[in-house]
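Some notes on the structure that comes next.
Residue numbers (full-length UniProt numbering), protein chains in the order written: chain A, 1 to 369; chain B, 1 to 165.
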């Protein structure tokens, strides 16, 4: 037996597989990982402090920039927090449009996230290009509804900024017709793919009790076999009207997280189809006409949470009665899902770190804020 | 083994004759949607007068503090805009602008509109400040009549009400 020595190395912050500026301080023994410490803060841009200088409405475009893949979901969480604080009613039609947008966001996030995950495994570009191709169609819908592809800034207090454009529905139906083929193709290409199985099965196991202890949420938690979804656990908006399943994994490895995301895309499509059925009968307009946008909430605090594609996204606001929030705190799912990375990587090889990180699906804009 | 090879080559051939989903960007430009929020323009009325009345509501609404408006009093015999005042200086810092569209929402006369131009690169930071001359549309491209409320100068409507144009 050769005598080996422990070695400390840095992966990142300038490393193409870290999905942004993120550093992992890794202690290795040969190729095996003894310890891993995630180090973040390289993208810190004072989001929460800036938000305390802005009025409530001015923060809406800033929330887009947290998790730039899912600006619609961020908007919804923030709008819900302020609506709860002020007591603004949201018309039914606006709620349906919101749900529609957030579920589309979930599909595009998972299409992108799985593409990057496969990319990290070394199956270069193909799946990523397929995912980006599908994502592009959804971004085009966002552009026609909100005016921007990524930084949508579509939500307002009491509804959404504008009603859906007339050509939105036909194009959405085209998209839904083409979508199962994309998901099925991805599953057919990857489900029993030897490269994926070798890199994903039994890698990065997060046991359920550890996942709970770290308060991990989203597909990472569901991959570990705990059926926790804020949409089911505490139905917000109008999620109690839809029929959908919460897919869960069994082992909690990278492969389970992959399968959970694939299935969530199908469930999101189911929800969108139900939205399309119920939307024509919905009451009210796209926004509550009585809702003031330059709000001045009463003194108090509020926490609103949604199931963002990456996990539970929460906004905690404290109002001192002025037009600006006194405290503005975000419970960012990427940040909390990243904390058990050390436990997930321990005992695996250096090459697995990249795959495990890819399977958590982080966006550094949200981790560092 | 041989069958799989044929299958793979057939897939490749199939994609070779398919219309590509990508666009050859600098030569071919992807059209943007109607609501796209791109470069700002300062609009005019049909008679050629400026729509901007220098009220600075856009600067107040801007979350990124990108807009600078310095208003000045209109000369009574040669007014630049209907109403009392006009924007003597109107600057947008394109490095600060986040294209949220709140200036458009706040404008009482629909003077500032986010249009469809999205190629906004420049070589130095000084060039990032778009001045009023750059933002204002040519005189013959105005639209709409000035609303009567702006002509009642002596009545001094304040604060400027949201006028539906």
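Built from N, CA and C at the ideal position, the CB exists for glycine as well.
Partner residues on chain A for residue i, Cβ-Cβ distance less than 7 Å
{"i": "residue 36(B)", "result": "143 and 147"}
Residues that residue i contacts on chain E, provided the C-beta gap is smaller than 7 Å
{"i": "residue 133(A)", "result": "Checking the listed chains, one finds no chain E in this structure; the protein chains it contains are A and B."}
Neighbourhood of residue i by C-beta distance below 8 Å, restricted to the same chain and skipping five residues each side
{"i": "residue 49(B)", "result": "79, 80, 81, 82, 142 and 146"}
{"i": "residue 148(A)", "result": "142"}
{"i": "residue 125(A)", "result": "119"}
{"i": "residue 62(A)", "result": "47, 50, 51 and 54"}
{"i": "residue 167(A)", "result": "144"}
{"i": "residue 137(B)", "result": "41, 42, 43 and 44"}
{"i": "residue 348(A)", "result": "32, 33, 203, 204 and 356"}
{"i": "residue 88(B)", "result": "54, 70, 71 and 72"}
{"i": "residue 162(B)", "result": "Here the model assigns residue 162(B) a pLDDT of 49, short of 50, so the residue's position is not dependable, and the following value carries that caveat. Same-chain partners within the cutoff: 108."}
Best match in the options for proximity to residue i [C-alpha to C-alpha]
{"i": "residue 132(A)", "options": "172(A), 114(A) and 68(A)", "result": "114(A)"}
{"i": "residue 330(A)", "options": "287(A), 313(A) and 345(A)", "result": "313(A)"}
{"i": "residue 354(A)", "options": "368(A), 338(A) and 365(A)", "result": "338(A)"}
{"i": "residue 73(B)", "options": "27(B), 85(B) and 59(B)", "result": "85(B)"}
{"i": "residue 87(A)", "options": "342(A), 75(A), 363(A) and 301(A)", "result": "301(A)"}
{"i": "residue 91(B)", "options": "103(B), 108(B) and 68(B)", "result": "68(B)"}
{"i": "residue 181(B)", "options": "260(A), 59(A) and 112(A)", "result": "Outside the displayed range of chain B (1 to 165) lies residue 181(B), so it cannot be described from this structure."}
{"i": "residue 254(A)", "options": "13(A), 242(A), 211(A) and 205(A)", "result": "205(A)"}
{"i": "residue 106(A)", "options": "360(A), 66(A), 346(A) and 264(A)", "result": "264(A)"}
{"i": "residue 281(A)", "options": "97(A), 89(A), 336(A) and 68(A)", "result": "97(A)"}
{"i": "residue 60(B)", "options": "104(B), 23(B) and 15(B)", "result": "104(B)"}
{"i": "residue 398(A)", "options": "277(A), 174(A) and 207(A)", "result": "As displayed, chain A neither begins before 1 nor continues past 369, which places residue 398(A) out of reach and without an answer."}
{"i": "residue 64(A)", "options": "18(A), 152(A) and 3(A)", "result": "152(A)"}
{"i": "residue 165(A)", "options": "16(B), 34(B) and 18(B)", "result": "34(B)"}
{"i": "residue 40(A)", "options": "359(A), 336(A) and 242(A)", "result": "336(A)"}
{"i": "residue 444(A)", "options": "112(A), 228(A) and 197(A)", "result": "What the structure shows of chain A is the stretch from 1 to 369, and residue 444(A) is not part of that stretch, so it cannot be assessed."}
{"i": "residue 184(A)", "options": "241(A), 134(A) and 26(A)", "result": "134(A)"}
{"i": "residue 374(A)", "options": "241(A), 212(A) and 24(A)", "result": "Past the boundaries of the shown model lies residue 374(A); chain A is included only from 1 to 369, so the question cannot be answered."}
{"i": "residue 262(A)", "options": "189(A), 298(A) and 292(A)", "result": "189(A)"}
{"i": "residue 179(A)", "options": "192(A), 225(A) and 110(A)", "result": "110(A)"}
{"i": "residue 163(A)", "options": "298(A), 284(A) and 5(A)", "result": "284(A)"}
Own chain partners of residue i with C-beta closer than 6 Å, once the 5 adjacent residues on each side are dropped
{"i": "residue 127(A)", "result": "115 and 118"}
{"i": "residue 214(A)", "result": "339 and 340"}
{"i": "residue 102(A)", "result": "72, 73 and 76"}
{"i": "residue 231(A)", "result": "239 and 307"}
{"i": "residue 99(B)", "result": "37"}
{"i": "residue 139(A)", "result": "149"}
{"i": "residue 8(A)", "result": "27"}
{"i": "residue 80(A)", "result": "304"}
Residues that residue i contacts on chain A, provided the C-beta gap is smaller than 9 Å
{"i": "residue 99(B)", "result": "61, 147, 148, 151 and 153"}
Within chain B, partners of residue i - CB distance below 7 Å
{"i": "residue 54(A)", "result": "63"}
Per-residue contacts from residue i into chain B (C-beta, under 9 Å)
{"i": "residue 165(A)", "result": "33, 34 and 35"}
{"i": "residue 58(A)", "result": "61, 62, 63, 64, 100 and 102"}
Beta-carbon contacts of residue i that lie in its chain and below 7 Å, excluding the five residues immediately before and after
{"i": "residue 333(A)", "result": "217, 218, 308, 310, 311, 312 and 313"}
{"i": "residue 43(A)", "result": "20, 21, 364, 365 and 368"}
{"i": "residue 201(A)", "result": "253 and 255"}
{"i": "residue 100(A)", "result": "272 and 275"}
{"i": "residue 123(A)", "result": "195"}
{"i": "residue 95(A)", "result": "237 and 238"}
{"i": "residue 171(A)", "result": "141"}
Practice task
Return the chain-ordered ranges of every beta strand (DSSP E) run that is complete within the UniProt domain "4Fe-4S ferredoxin-type" (88-117) of chain B and spans a minimum of 3 residues.
Solution key: Secondary structure remark: continuous beta strand (DSSP E) runs of at least 3 residues inside the UniProt domain "4Fe-4S ferredoxin-type" (88-117) of chain B, in chain order: 112-114.
Exercise for the section: Report the residue ranges of all alpha helix (DSSP H) runs contained in full by the segment 126-150 of chain B; include only those spanning at least 4 residues, in chain order. Expected result: Those alpha helix (DSSP H) runs which fall completely within the segment 126-150 of chain B and span 4+ residues are 132-135.
Exercise for the section: Count the C-beta pairs between the segment 157-166 of chain A and the segment 273-290 of chain A that are closer than 8 Å, then say yes if the count reaches three, no if not. Expected result: In this structure the segment 157-166 of chain A touches the segment 273-290 of chain A; the number of beta carbon pairs closer than 8 Å is three or more.
Practice task
Quick one: which unbroken alpha helix (DSSP H) runs of 4-plus residues sit fully inside the segment 53-92 of chain A? Chain order, please.
Solution key: Given a length threshold of 4 residues, each whole run of the alpha helix (DSSP H) inside the segment 53-92 of chain A is given here in chain order: 60-64 and 71-86.
Exercise for the section: Answer yes if the segment 244-263 of chain A comes into contact with the segment 216-232 of chain A, meaning at least three C-beta pairs across the two stretches below 8 Å, and no otherwise. Expected result: Output reads yes: the segment 244-263 of chain A touches the segment 216-232 of chain A.
Exercise for the section: Could you say if the segment 79-95 of chain A and the segment 308-325 of chain A meet the contact criterion of at least three C-beta pairs nearer than 8 Å? Expected result: Yes: the two stretches touch, three or more of their Cβ pairs being nearer than 8 Å.
Exercise for the section: Return the chain-ordered ranges of every beta strand (DSSP E) run that is complete within the UniProt domain "NADH-quinone oxidoreductase subunit D" (292-369) of chain A and spans a minimum of 3 residues. Expected result: With a minimum length of 3 residues, the continuous beta strand (DSSP E) runs that stay inside the UniProt domain "NADH-quinone oxidoreductase subunit D" (292-369) of chain A are 300-308, 311-319 and 325-331.
Exercise for the section: Inspect the CB distances between the segment 321-330 of chain A and the segment 6-21 of chain B and report whether three or more fall short of 8 Å. Expected result: By the criterion of at least three beta-carbon pairs nearer than 8 Å, the segment 321-330 of chain A is not in contact with the segment 6-21 of chain B.
Handout entry: Every unbroken beta strand (DSSP E) within the segment 153-195 of chain A, with a cutoff of 3 residues, ordered by chain
Key = Counting only runs of 3 or more, we get nothing.
Handout entry: Segments of 3+ residues assigned as beta strand (DSSP E) that fall wholly inside the segment 30-67 of chain B
Key = Every beta strand (DSSP E) of 3 residues or more that sits fully in the segment 30-67 of chain B is shown, in chain order, as 40-42.
Practice task
Starting from the N-terminal side, write out each stretch of the beta strand (DSSP E) that is 3 residues or longer and does not extend beyond the segment 201-234 of chain A.
Solution key: For the segment 201-234 of chain A, not a single whole beta strand (DSSP E) run of length 3 or above is found.
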